[in-house]
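Here my numbering is used: the first residue of the sequence shown is 1, the next is one more, and so on.
Idealized CB from N, CA, C, for every residue including glycine.
Notes follow the structure.
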Amino acid sequence: MGAATPDLPVPTGDELAALEVLCIELATTAGRFIRDERPDRLGVADTKSTDTDVVTVMDRRSEELLHRLILEARPDDGILGEEGADVTGSSGLTWVIDPIDGTVNYLYDIPAYAVSVAVVVGDASGEGTWTPVVGAISDPSLRLVHHARRGAGAWTRPEATIESAPESAPPRRLTVSQEDRLGRSLVATGFGYAAEVRARQAEILTRVLPQVRDIRRIGSAALDLVRVAEGSVDAYAESGLNAWDLAAGWLIVEEAGGVVVGREDAPGKDLTVAAGPALVEPVRRLFVSEAP
Ligand code: LIP
Numbered sequence: 001m002g003a004a005t006p007d008l009p010v011p012t013g014d015e016l017a018a019l020e021v022l023c024i025e026l027a028t029t030a031g032r033f034i035r036d037e038r039p040d041r042l043g044v045a046d047t048k049s050t051d052t053d054v055v056t057v058m059d060r061r062s063e064e065l066l067h068r069l070i071l072e073a074r075p076d077d078g079i080l081g082e083e084g085a086d087v088t089g090s091s092g093l094t095w096v097i098d099p100i101d102g103t104v105n106y107l108y109d110i111p112a113y114a115v116s117v118a119v120v121v122g123d124a125s126g127e128g129t130w131t132p133v134v135g136a137i138s139d140p141s142l143r144l145v146h147h148a149r150r151g152a153g154a155w156t157r158p159e160a161t162i163e164s165a166p167e168s169a170p171p172r173r174l175t176v177s178q179e180d181r182l183g184r185s186l187v188a189t190g191f192g193y194a195a196e197v198r199a200r201q202a203e204i205l206t207r208v209l210p211q212v213r214d215i216r217r218i219g220s221a222a223l224d225l226v227r228v229a230e231g232s233v234d235a236y237a238e239s240g241l242n243a244w245d246l247a248a249g250w251l252i253v254e255e256a257g258g259v260v261v262g263r264e265d266a267p268g269k270d271l272t273v274a275a276g277p278a279l280v281e282p283v284r285r286l287f288v289s290e291a292p
């Protein structure tokens with residue numbers, strides 16, 4: 001396990017399993033919604049940190065849907081959402097949700113976006129003060145949902161099996177790449193929205209590119225982390241991530257045998273690096289001078 005926050009009450013047994021089932025259902029429901037209800041003429045409803053950091057009406061509607069379903073099922077839990085639907089809970093558990101991760105891909109109808117739903121313990125508003133215990137990431141374009149709960153492995157299953165007959169298509173276990181040679185590693189990364197951040201990230205890439213097999217820029221942190229968990233990239237590194245980009249994918253990578261770290265300890269806005277055990281430290285060193 002990576003740099004988790006120690007001494008936090010973690011749900012166990014039946015409660016954790018029930019939370020995982022709920023996570024899967026919520027991510028799948030919201031994933032289906034954003035795919036099947038995407039308006040033909042989708043526009044930009046608003047912008048956030050820069051005029052390229054966009055919000056669509058579907059980001060908001062997806063978060064409203066998740067917010068309603070979570071409160072119906074778990075009224076005492078907290079909620080931290082990318083679009084601001086935050087709730088202070090009393091249970092010690094917080095749902096950390098990204099209603100559309102990869103919003104620019106979604107806006108351009110590029111099939112690489114996700115819904116990320118996680119349950120964390122600790123203070124989800126801080127850095128290094130929380131850890132995920134359950135997570136699910138819906139990939140609506142591939143009609144897959146990826147999920148994990150602490151201690152039970154990481155899995156992928158077809159979206160269609162969520163309600164119908166789960167036993168009809170048993171989930172496939174996810175396992176990270178065993179690559180241990182930096183020069184043979186395929187590394188996913190991403191970039192912030194602010195010009196000065198992108199300039200610094202480009203400088204980092206001039207050091208990274210000659211030392212790795214190649215990079216991939218998928219445009220969704222949640223899907224980048226799934227790619228690490230399934231071994232379809234060897235590593236992922238990015239600065240500037242928020243908790244909602246990171247929470248579910250962090251757990252899924254760890255439960256797939258990977259390690260997720262930050263600049264020094266827990267992953268977060270400063271830096272997130274995810275890879276198999278042999279590669280995580282060499283990749284971290286490559287990116288460590290990057291600042292958000
Ligand atoms: C995205 C991240 C991605 C990053 C993009 C963007 P959003 O999140 O998932 O890793 O490179 O710049 O921040 O904004 O689509 O939810």
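Just tell me which of the options has its CA closest to the CA of residue i.
i              : options                        : result
glycine 126    : Ala247, Asp51, Ala194          : Ala247
serine 232     : Ala274, Ala17, Asp123          : Ala274
glutamate 159  : Leu142, Thr175, Leu174         : Leu142
alanine 124    : Ile110, Arg74, Gly78, Ser116   : Gly78
glycine 192    : Gly262, Thr52, Ser185, Glu63   : Thr52
isoleucine 204 : Leu251, Arg38, Pro170, Thr189  : Thr189
serine 49      : Val96, Gly240, Glu25, Ala73    : Gly240
glutamine 211  : Gly183, Asp139, Ile218, Phe287 : Gly183
aspartate 270  : Glu238, Trp250, Gly249         : Glu238
proline 170    : Thr156, Arg198, Val115         : Thr156
tyrosine 106   : Val288, Val117, Phe33, Arg181  : Phe33
serine 62      : Tyr108, Asp14, Leu223, Arg38   : Arg38
isoleucine 215 : Tyr236, Gly135, Asp109, Trp130 : Tyr236
leucine 16     : Gly249, Pro140, Val134, Leu209 : Val134
proline 140    : Val280, Asp109, Ala118, Arg173 : Asp109
aspartate 180  : Pro111, Pro277, Thr131         : Pro277
Buried or exposed for residue i, please, with buried defined as at least 16 other CB atoms from any protein chain shown within 10 angstroms of its CB.
i             : result
glycine 151   : exposed
aspartate 36  : exposed
proline 11    : buried
alanine 199   : exposed
glutamate 196 : exposed
valine 55     : buried
serine 285    : What sits at residue 285 in the sequence shown is arginine, not serine. Counting Cβ neighbours within 10 Å, arginine 285 comes out exposed, since fewer than 16 surround it.
serine 90     : exposed
alanine 229   : buried
alanine 202   : exposed
glutamate 72  : exposed
alanine 279   : In the sequence on display, residue 279 carries leucine and not alanine. Leucine 279 is buried by the Cβ-count criterion.
Among the residues of its own chain, which have a CB less than 6 angstroms from the CB of residue i, if the five just before and after it don't count?
i             : result
glutamate 255 : Ala148, Gly153, Ala154
threonine 94  : Gly78, Leu80, Val120, Ala124
leucine 69    : Leu26
valine 226    : Ile137, His146
Can you name the start and end residues of the alpha helix (DSSP H) that residue i belongs to?
i              : result
isoleucine 218 : Here isoleucine 218 belongs to no alpha helix (DSSP H), and DSSP marks it neither H nor E.
isoleucine 70  : 57-73
alanine 199    : 195-208
Tell me where the beta strand (DSSP E) around residue i begins and ends.
i              : result
alanine 235    : 235-238
isoleucine 162 : Isoleucine 162 -> no beta strand (DSSP E), and no H or E assigned at all.
proline 132    : 130-139
glycine 257    : Segment: none, glycine 257 is in no beta strand (DSSP E) and carries neither H nor E.
aspartate 101  : 93-101
valine 115     : 114-122
glycine 183    : Neither: glycine 183 is in no beta strand (DSSP E) and is coded neither H nor E.
threonine 28   : Note, threonine 28: premise wrong, no beta strand (DSSP E); alpha helix (DSSP H) at 13-36.
glutamate 144  : Going by the sequence as given, residue 144 is leucine instead of glutamate. That run of the beta strand (DSSP E) goes 144-149.
valine 286     : It should be pointed out that residue 286 corresponds to leucine in this sequence rather than to valine. Note, leucine 286: premise wrong, no beta strand (DSSP E); alpha helix (DSSP H) at 280-287.
valine 78      : With the sequence shown as reference, residue 78 is identified as glycine, and valine is not the correct amino acid for it. Unbroken beta strand (DSSP E) run through glycine 78: 78-81.
alanine 272    : For the record, residue 272 in the displayed sequence is threonine; it is not alanine. Segment 272-275, the beta strand (DSSP E) holding threonine 272.
Using a Cβ-Cβ cutoff of less than 8 angstroms, which residues in the same chain neighbour residue i once the five nearest sequence positions on both sides are dropped?
i             : result
arginine 60   : Ala45, Glu83, Pro99
alanine 3     : With a pLDDT of 46 at alanine 3, under the threshold of 50, the predicted position of this residue should be treated as unreliable, and no value is reported.
threonine 103 : Val54, Val55, Thr56, Asp59, Tyr113
Closer than 7 angstroms by C-beta to residue i: which residues in its own chain qualify, once you throw out the five before and the five after it? Chain order, please.
i             : result
histidine 67  : Ile79, Gly81, Ala85
threonine 175 : Gly231, Ala256, Gly257
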